[in-house]
Ligand code: SF4
């Protein structure tokens with residue numbers, strides 16, 4: 123029995139909405155380096171990609187729907203000549219996946235050009251939209267463009283000053299790379315919800331959502347862009363422009379659980395090791411006798427290794443993924459998603475048969491994926507199936523840059539753990555506690571956002587109001 127788990131997995135997981143990449147490099151092929159940088163942050167957004175390159179006199183942009191290799195041709199990359207580039211991979215909310223909403227967004231303002239690429243989501247885009255001067259030539263329905271025009275219209279002699287004067291107006295999550303004809307600029311909200319890192323490449327600089335993009339492009343990590351910080355890079359070098367102070371930090375705990383790549387380092391912690399530690403802690407919190415610990419490729423692998431190590435139960439593979447799948451064109455709309463390309467997993471029936479199996483996974487959103495996998499394994503002869511989840515139950519939506527379904531579709535918001543166990547037809551089900559997950563991240567509890575688990579949002583969120591705004595102004 124073959125199963126289209128790809129489709130299910132996509133529906134099941136929470137999705138980060140975007141990945142960003144920027145480079146300033148004289149004598150570098152900035153478009154080509156950015157292309158590889160965008161490949162490295164492809165996991166943060168698969169519905170579209172864009173690249174903007176400046177040669178000092180003009181900014182040229184290429185954007186398209188689909189995965190990075192399907193958006194840019196060799197001819198495109200060769201045609202983008204310059205020394206500064208910013209790029210973006212996008213995941214959109216349902217209905218927001220149009221070409222107009224792709225990034226980077228380019229604004230022409232008083233004979234100047236300003237372009238931005240955003241990872242995150244601000245919750246007051248609707249209010250800010252009303253403050254823009256009449257006739258502002260909005261081309262998209264994204265919070266990112268609203269932010270761009272707020273910056274254009276802000277007071278300040280330089281773009282850096284304009285950004286500093288605008289930062290306090292934006293409520294929510296934003297890790298941004300921006301570009302003028304002569305400068306690469308980066309800034310991050312004071313909570314520091316989403317990651318943003320700085321690296322050095324030969325004589326130039328690279329800024330990206332995750333360190334894995336620095337590794338891929340050959341850049342050396344320098345440091346994180348700090349929460350609330352604005353930096354810029356021009357022909358004179360790197361400049362620390364200023365810092366917007368905030369009430370508290372709120373780095374997204376879910377980045378460690380699922381969003382970031384395991385080979386990235388977030389706040390000095392390798393994501394793979396955080397996941398492995400969370401698997402170990404889960405083995406102590408929720409032990410169960412079994413023959414084999416497994417993961418659903420690839421998201422739960424690091425945690426499953428940790429669970430296996432702490433429990434002494436061997437780690438093995440029971441689902442084989444077909445790794446030779448080309449472009450998928452998976453779309454956020456349910457209708458299209460249902461037609462999605464069949465990326466298949468096949469169970470190793472001989473190994474599964476008669477075994478007591480522990481499946482370790484990162485999270486349960488709707489419960490549909492794990493339910494299908496359990497069915498598949500039962501049909502393959504599994505004796506017992508125990509589910510261990512390396513995060514607490516997700517009960518609340520995210521308003522800070524991660525696409526979550528409505529609360530009604532989050533299975534843990536309406537069902538108890540026992541009811542979920544019955545729904546997915548597992549022999550047992552256990553989640554990692556929030557305190558253990560925080561411990562695994564090795565971050566101070568008061569520097570993290572854990573709202574989707576705890577319901578405690580780090581800033582006041584008018585849920586009804588925000589819902590309306592999100593519906594009207596499709597976010598990044
Ligand atoms: S609500 Fe959850 S997904 Fe959103 S920023 Fe907070 S921890 Fe991350």
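Numbering (the numbering used here), first residue to last: 123 to 598. C-beta: ideal position from N, C-alpha, C; glycine also.
query                                                                                                                                                  : result
Quick one: Cα of residue 428 to Cα of residue 273, how far?                                                                                            : 46 Å
Please determine whether the Cβ atom of residue 572 lies at a distance below 7 Å from any heavy atom of ligand 1.                                      : yes
Return yes when at least one heavy atom of ligand 1 lies under 7 Å from the C-beta of residue 520, else no.                                            : yes
Please find out if some non-hydrogen atom of ligand 1 comes closer than 7 Å to the beta-carbon of residue 374.                                         : yes
Taking its Cβ as the centre, do 16 or more other Cβ atoms sit within 10 Å of residue 123, making it buried, or is it exposed?                          : Note on residue 123: pLDDT 36, under 50, position unreliable in the model; the coordinate value appears next. With fewer than 16 other Cβ atoms within 10 Å, it is exposed.
Any idea what DSSP makes of residue 501, helix, strand or coil?                                                                                        : helix
Which two residues bound the contiguous alpha helix (DSSP H) that contains residue 270?                                                                : 265 to 275
In the DSSP assignment, the beta strand (DSSP E) including residue 140 goes from what residue to what residue?                                         : 140 to 146
Please classify residue 543: does DSSP put it in a helix, a strand, or coil?                                                                           : helix
Rounded to a whole number of angstroms, what is the C-alpha to C-alpha distance between residue 333 and residue 560?                                   : 21 Å
Residue ranges of each beta strand (DSSP E) run of no fewer than 3 residues wholly in the region 158 to 236, ordered along the chain?                  : 170 to 176, 181 to 187, 206 to 212, 227 to 231
At which residue ranges does the region 304 to 355 contain complete alpha helix (DSSP H) runs of 4 or more residues, listed in the order of the chain? : 333 to 339
I need the boundaries of the beta strand (DSSP E) containing residue 362, first residue and last residue.                                              : 359 to 365
Out of 292, 402, 302, 291, point me to the one whose CA is closest to residue 282's CA.                                                                : 302
Determine the direct distance from the alpha carbon of residue 337 to that of residue 552, and round the result to whole angstroms.                    : 36 Å
In this structure, how does DSSP classify residue 510 when only helix, strand and coil are distinguished?                                              : strand
Give the DSSP bridge partners of residue 553, in chain order.                                                                                          : 511
Verify whether the separation of the beta carbon atoms of residue 380 and residue 421 is less than 8 Å.                                                : yes
Would you identify the three-state DSSP class for residue 574, choosing helix, strand or coil?                                                         : helix
Ligand 1 and residue 75: does any heavy atom of the ligand fall closer than 7 Å to the residue's C-beta?                                               : The question about residue 75 has no answer, for the chain in this structure spans 123 to 598.
What residue range does the alpha helix (DSSP H) around residue 534 cover?                                                                             : 533 to 536
Determine the extent of the alpha helix (DSSP H) in which residue 247 is found, giving its start and end residues.                                     : 247 to 253
Just to confirm the assignment, what range does the alpha helix (DSSP H) spanning residue 399 have?                                                    : 393 to 407
Determine the extent of the alpha helix (DSSP H) in which residue 285 is found, giving its start and end residues.                                     : 281 to 288
Closer than 7 Å to a non-hydrogen atom of ligand 1 - does that hold for the CB of residue 315?                                                         : yes
Just to confirm the assignment, what range does the beta strand (DSSP E) spanning residue 432 have?                                                    : First-last for residue 432: 423 to 433, but that is the alpha helix (DSSP H), not the beta strand (DSSP E).
Roughly how many angstroms separate the alpha carbons of residue 497 and residue 547, rounded to a whole number?                                       : 8 Å
Using only the heavy atoms of ligand 1, determine whether one of them is closer than 7 Å to the beta carbon of residue 524.                            : yes
Going by Cα to Cα distance, which pick from 315, 387, 304 is closest to residue 344?                                                                   : 387
Kindly indicate the opening and closing residues of the beta strand (DSSP E) around residue 415.                                                       : 414 to 417
Alpha carbon to alpha carbon, how far is residue 315 from residue 278?                                                                                 : 26 Å
Please name the residue, chosen from 297, 269, 150, 296, that lies closest to residue 284 on a Cα-to-Cα basis.                                         : 269
Can you tell me which of 146, 208, 200, 373 puts its alpha carbon nearest to the alpha carbon of residue 581?                                          : 373
Have a look at the DSSP bridge pairing and note the partners of residue 295.                                                                           : 243
Return the bridge partner residues of residue 482 from the DSSP annotation.                                                                            : 417, 510
Among 245, 412, 326, which one has its Cα closest to the Cα of residue 292?                                                                            : 245
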